[in-house]
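A.B. asks:
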Amino acid sequence: MSRPHARVHADPLSADRLARLVATDGTGAIVTFQGTTRDVARLDYEAYLPMAEERIAAILEDALAAHEIEGAAAEHRVGAVALGEPSVVVAVAAAHREAAFAAAREAIDRIKAEAPIWKREVEGEHRRWGDGTAPPTAG
Amino acid sequence: MVLEVRLFAVLRERAGAASLAVELPDAGATVADALRELGACSPPLAAALAEMPLVMAVNRDYAEPGTVLSTGDELALIPPVSGGAR
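Right, dumping it as structure tokens:
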């Protein structure tokens, strides 16, 4: 796989679609991760584009370089994401499961910590921006 | 030089604007100078700077306080991102 697939957009996400994107004839393991809205009626996501897509692509490129994997893809939603729906999906394909799990774990952890994306909890009239953490400035 | 700083999420709401212009010396101005200037021209941003860790992105990369700015740079003030550690 040459360039990893990284997109930030307002449409519903599909882990199956990303899994099909990353699979090759040499794939023996596909790991997908979905992060979903919990506890509140919906989350409203806002992103700094195109930096958010660029940062996710760089994270996936790092995963491709660091692990024995064949493909990596991730998408994040912006706008309203209702309870139970995914806001972020990551898919990694590899010959073997160990590398696929490790790379997918690393990718989602870094996307959450580094991508310039913000969420606001919405419950009835109540609106609250998530606390979050400061992204790392080096590396 | 005058640089436009984009604002997002909680910062955009508090400042009541999607971007603010800051005036900086043409040569040698840094990210730290831009942050100081933002605080000086917007009391809500000064309060935000005091209460949460904010990071500046320069040309869509996270920058250190000492990063030197140039005319035409794309600046954005990044509030804590939503991930969470778990």
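Residue numbers (the working numbering), protein chains in the order written: chain A, 1047 to 1185; chain B, 3 to 88.
Idealized CB from N, CA, C, for every residue including glycine.
(1) With 16 as the cutoff for other CB atoms within 10 Å, does residue 1083/A come out buried or exposed?
(2) Could you pull out every residue in the same chain whose Cβ sits closer than 8 Å to the Cβ of residue 1159/A, ignoring the five residues on either side in sequence?
(3) Once you ignore the five residues that flank residue 1074/A on each side, which residues in its own chain have a CB closer than 8 Å to its CB?
(4) Measure from the C-beta of residue 46/B to each C-beta in chain A and report whether the shortest distance is under 8 Å.
(5) Excluding the 5 residues preceding and the 5 following residue 22/B in the sequence, name in chain order all residues of the same chain whose CB lies nearer than 7 Å to its CB.
(6) Could you check whether residue 70/B and residue 18/B sit closer than 8 Å to each other, using their CB atoms as the reference points?
(7) Can residue 24/B and residue 58/B be called in contact, C-beta distance under 8 Å?
(8) Does the pairing of the stretch 1148-1168 of chain A with the stretch 1122-1135 of chain A give three or more beta-carbon distances under 8 Å?
(9) How long is the line joining the alpha carbons of residue 1172/A and residue 1157/A, rounded to whole angstroms?
(10) Got a sec: is the Cβ-Cβ distance from residue 62/B to anything in chain A below 8 Å?
(11) Based on the DSSP secondary-structure assignment, which residues constitute the bridge partners of residue 1168/A?
(12) Hey, does residue 66/B have any beta-carbon neighbour from chain A nearer than 8 Å?
(13) Identify whether residue 63/B lies in helix, strand or coil by the three-state DSSP scheme.
(14) Check distances from the C-beta atoms of the stretch 66-85 of chain B to those of chain A and list, in chain order, the residues that come in under 8 Å.
C.D. replies: This is what the structure holds:
(1) buried
(2) 1179, 1181 and 1182
(3) 1140, 1141, 1142 and 1143
(4) no
(5) Shown here for residue 22/B: same chain residues with a beta carbon closer than 7 Å to its own, the five before and five after excluded, namely 7, 9, 40, 43 and 44 in chain order.
(6) Taking 8 Å as the cut-off, the beta carbon of residue 18/B is found no closer than this to the beta carbon of residue 70/B.
(7) No, the pair does not count as a contact, with Cβ atoms beyond the cut-off.
(8) yes
(9) 27 Å
(10) yes
(11) 1088/A and 1173/A
(12) Residue-level contact by beta carbon holds for residue 66/B and chain A, with a gap shorter than 8 Å.
(13) Shown here, residue 63/B sits in a strand according to DSSP, grouped into three states.
(14) 66, 78, 80, 81, 82, 83, 84 and 85
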